[in-house]
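Each protein sequence line maps, in turn, to chains A and B. In terms of the working numbering, the first sequence is residues 41 to 212. In terms of the working numbering, the second sequence is residues 35 to 444.
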Amino acid sequence: MSDRAAPGDPVAVDRLMREIEDQVRRDRRTRLLARGGAPEYRDPAIYAAVEEVLRRALDERDHDTLLLPAMLGGEEEWGLRTHLELASHRTLLGPLILFVKRRVLLPATRWLYEYSLENFRRQQRVNRLLVAFIEELAIENARLRKAVATLQGPGNAESVPPVAESSGQQAP
Amino acid sequence: MNLACVIHRFGPDIAGGSETHCRLVAEHLAERHDVTILTTCACDHVTWRNEYPAGASAMGRLRVIRFPVRRMRSLHRFADISERVFAGRGSEADEEQWFRENGPDSPELLQFLEQHSASFDRVLFWAFRYATSFFGVPLVERRAILVPTAEDDPVIRFEVLGRLFSRAVGFVFLTPEEQWLVERRADGPLAPFSVVGSGLEPATSSEQLSRIRPGVPTPFILYLGRIDPNKGCETLLQYFRRYCVESSGAMGGDAARENVHLVMAGPANMPVPEHPNLTRLGLVDEGARERLLAHASLLVVPSPYESLSLVLLEAWNHQLPALVNGRCRVLKGQAERSNGALWYRNYDEFAACLTYLLTQPLEAATLGRQGLDYVNQEYRWPKVMSRIEDLLQRSCRVGTKAFVRNLSGP
């Protein structure tokens with residue numbers, strides 16, 4: 041006979057996944073604290089809020105449409121260059137040098153190129169994630185500033201000091 | 035109607051997702067229409083080496099015309115251009131070059147489309163990422179229906195795709211997530227479309243299958259398909275090995291957890307490490323596949339990129355619950371709509387969901403049953419084909435309007 045049990049009452053996957061994810065979250069927090077993680081995580085609400093911000097950056101943001109890379113302009117200057125461009129500035133010898141590079145040097149060192157490439161790709165993924173996290177924190181900060189301004193009343197909407205001032209980093 | 039189906043490779047022994055979808059849909063279309071398959075002589079999607087003879091042949095009700103591939107794929111050139119365009123540094127010309135390098139490069143097929151497309155009422159193209167679709171669709175405007183089989187991978191972000199997607203008079207999508215993905219990339223509103231998925235015949239009676247053991251240790255979780263890093267198999271193997279270590283060390287561990295095996299059935303494109311709880315079967319025939327699905331505790335689908343997981347539908351067809359990669363929008367969407375699978379985004383969630391499915395047999399069986407209900411409701415051939423027939427009719431009206439508009443001039 042089949043190794044499976046007979047079906048029971050209906051199961052709502054959304055609800056079940058929420059329960060499983062909550063349990064995973066609790067276990068992870070306990071583990072982090074036990075290993076000396078940030079003491080702020082003793083407060084479950086703070087831990088949940090931090091995790092929520094990180095999860096938004098990780099799962100909900102499109103990592104190809106972020107503000108910081110758009111502000112920095114073309115990736116030419118700051119992005120990791122993972123593809124290999126073979127060129128030579130010599131007019132006469134150039135084609136020969138390129139031929140040797142393409143047909144001799146590149147095949148001989150291909151294994152090294154591909155090994156490095158995989159690590160560059162990983163680094164690129166990490167960079168994008170970090171940029172997404174920074175953007176998420178900036179958004180969270182802007183939201184909080186707006187909420188504080190609203191709480192202070194309409195007359196004070198513009199009076200929330202910039203973050204640098206409120207955290208004590210006064211300009212000289 | 036006189037229909038043509040364009041696909042990069044075609045044959046009963048070809049196991050790719052788009053290719054299988056094309057063959058099954060074409061076979062069902064052929065019950066009501068004249069269907070011609072336009073394809074290449076290639077069998078291997080990596081090299082595109084010519085293996086089938088060129089020319090016309092018959093496969094059941096289908097007329098198959100094969101065209102030779104001019105040059106095999108250069109893996110180095112393809113890797114180099116991929117690196118450039120995926121990093122977002124490519125021009126539109128580079129992106130077009132990517133499609134050329136991806137292949138298959140079959141000028142005779144494209145020439146045939148150019149010269150004979152008028153003799154077909156509709157030309158259906160499968161898989162936008164291959165040269166046959168990318169360069170073929172513009173040659174048969176007003177008649178082209180695209181089955182993009184798009185995944186949320188770097189290719190879908192190419193700038194040139196906006197133009198391609200605006201040239202089809204209809205779209206067949208496999209999931210709502212795929213429709214959303216293509217809609218975001220198209221220049222302007224999409225032509226008529228239908229979200230059809232793929233059809234399945236009811237599975238062989240599980241009582242019949244349950245008498246024959248599949249010859250692997252039980253309980254087991256099943257991975258079916260190509261064993262490939264792009265299919266998430268490296269991560270799956272890492273997670274599974276860690277799960278085994280943690281399960282054997284757990285105090286008061288559950289027997290189902292401790293003895294669980296992973297059975298991987300499919301051709302391997304990567305080294306698979308030896309492990310006492312891992313069984314590799316290689317490519318299995320249809321009968322063995324059915325037996326594995328009938329006896330597994332659950333199916334695992336670790337792929338980060340999918341346009342529709344046919345193997346997931348097959349599992350539900352056998353009332354088998356599943357555990358899928360939640361970072362893949364399509365898989366998570368399928369799991370949510372069906373109530374037939376759980377999903378994970380990291381190791382902790384993988385372990386928690388796997389433990390749940392292994393230690394709660396009643397609930398796991400219910401998930402499998404709910405998956406079957408979903409397949410019965412959405413993925414039986416009569417329903418799938420009625421959606422495609424409806425789209426063919428609607429796209430005819432759009433095609434005629436576009437033709438008249440073109441005749442009238444700007």
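We put the CB at the ideal spot given by N, CA and C, even for glycine. Model, not experiment: these values are computed from the prediction.
- If you draw a straight line from the Cα of B/F384 to the Cα of B/L357, it comes to about 8 Å.
- The straight-line gap separating the alpha-carbon atoms of B/V40 and A/D67 is approximately 51 Å.
- Within a 10 Å sphere around the beta-carbon of A/K186 sit fewer than 16 other beta-carbons, which makes this residue exposed.
- Contact of B/W415 with chain A is not assigned, every C-beta pair being separated by 8 Å or more.
- Residues of the same chain with a CB within less than 6 Å of the CB of B/V119, apart from the 5 flanking positions on each side, are D128, E129 and W132 in chain order.
- In this structure, the straight-line span from the alpha carbon of B/N264 to that of B/V216 is close to 21 Å.
- Along the length of the stretch 165–208 of chain B, whole alpha helix (DSSP H) runs at least 4 residues long occupy 165–168 and 195–199, reported in chain order.
- For B/N36, the three-state secondary structure derived from DSSP is strand.
- Sequence-distant Cβ neighbours of B/R163 in its own chain, meaning closer than 6 Å and more than five residues away, are V189.
- Here A/N181 carries a helix assignment [DSSP, helix/strand/coil].
- B/V174 has its alpha-carbon roughly 31 Å from the corresponding atom of B/E412.
- Look at B/H79 here: in three-state DSSP terms it is coil, with no helix or strand label.
- Straight across, the Cα-Cα distance linking B/N311 with A/A182 is about 51 Å.
- By a beta-carbon distance limit of 8 Å, B/G259 contacts B/G300. Their separation comes to about 5 Å.
- Of all C-beta pairs linking the stretch 215–230 of chain B to the stretch 176–189 of chain B, three or more are shorter than 8 Å, placing the two stretches in contact.
- With 16 or more other Cβ atoms inside 10 Å of its own Cβ, B/V194 counts as buried.
- Secondary structure in the stretch 287–362 of chain B: the beta strand (DSSP E) runs of 3 residues or longer, each lying completely within the stretch, are 295–299, 312–316, 332–335 and 356–359 in chain order.
- The beta-carbon of B/Y390 is placed less than 8 Å from the nearest beta-carbon of chain A.
- Neighbourhood of B/N373 in chain A, by CB distance below 7 Å: V51, A52 and V53, in chain order.
- If only uninterrupted beta strand (DSSP E) runs of at least 3 residues are considered, those enclosed by the stretch 106–161 of chain B are 156–160.
- Counting along the chain, A/Y87 sits inside no beta strand (DSSP E); it lies in the alpha helix (DSSP H) bounded by residues P84 to R95.
- Going by DSSP, A/I60 is part of the alpha helix (DSSP H) stretching over V53 to A74.
- Residue range F227 to V229 is occupied by the beta strand (DSSP E) that includes B/V229.
- Close to A/D83, with beta-carbon spacing below 7 Å, lies no residue of chain B; the smallest spacing is near 21 Å.
- For B/S281, the closest alpha carbon among the candidates B/Q272, B/T269, B/L270 and B/V294 is that of B/V294.
- In the DSSP annotation of this structure, the continuous segment of the alpha helix (DSSP H) that includes B/Y408 starts and ends at P395 to E412.
- Contact of B/C77 with chain A is not assigned, every C-beta pair being separated by 8 Å or more.
- A residue is called buried once 16 or more other Cβ atoms fall within 10 Å of its Cβ, and B/Q353 is buried on that count.
- Using a CB distance cut-off of 8 Å, B/D128 does not count as an interface residue toward chain A.
- At a Cβ-Cβ threshold of 8 Å, B/L72 and B/F146 count as neighbours.
- Close to chain A, meaning a Cβ-Cβ distance shorter than 8 Å, are the following residues of the stretch 393–419 of chain B: P395, L396, E397, A398, A399, T400, L401, G402, R403 and Q404.
- In the pairwise beta carbon analysis, the stretch 163–171 of chain A is classified as touching the stretch 119–128 of chain A: at least three pairs are separated by under 8 Å.
- A/V93 places its beta carbon less than 8 Å from that of A/E180.
- Counting C-beta pairs closer than 8 Å gives three or more between the stretch 74–92 of chain B and the stretch 100–116 of chain B, which meets the contact rule.
- Membership of B/W377 in the beta strand (DSSP E) is indicated by the continuous run A375 to Y378.
- Proximity of chain B to A/R68 at the Cβ level (cut-off 8 Å) is accounted for by D382, in chain order.
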